Amino acid sequence: MTQDAADPADGTPRGDSASSAGGADAAGTPPGRRGDATAVKDPGPFARLVRFLREVWAELRKVVRPTRGELVTYTSVVLVFVAVVMLYVSGLDYVFGQAVLWVFGGGGG
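Using UniProt numbering, you'd call the opening residue of the sequence shown number 1 and step up by one each time.
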């Protein structure tokens with residue numbers, strides 16, 4: 001049987017490196033792990049930083065910024081919510097303060 005012949009079991013061609021599963025060589029070593037001169041070197045820290053910044057910039061271009069009306073609406077919702085929570089916490093503080101004064105005596109004498 002020749003190297004280019006199809007495997008009778010599944011019809012896939014038989015061959016070396018590129019045509020085998022995942023690009024592994026005959027020994028089953030994945031690409032980039034063979035230790036030969038064709039292996040791709042890891043980029044240096046500066047190159048990784050530049051790539052990271054490029055990817056960040058690309059993601060920032062995808063961001064949809066709110067319109068002025070949406071911004072006013074969202075800000076109003078947040079301010080109203082904060083005011084309601086502030087009133088709730090203030091009420092609890094008053095109630096618990098009065099309870100403590102009642103239990104331990106709040107007289108100034």
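Ideal placement from N, C-alpha and C gives every residue a C-beta, glycine not left out. None of the values given here were measured: they were computed from a predicted structure.
- DSSP, reduced to helix, strand and coil, places R61 within a helical segment of the structure shown.
- Distance from the CA of F96 to the CA of R54, rounded to the nearest whole angstrom, comes to 54 Å.
- A straight-line Cα-Cα distance of about 35 Å links V84 and K62.
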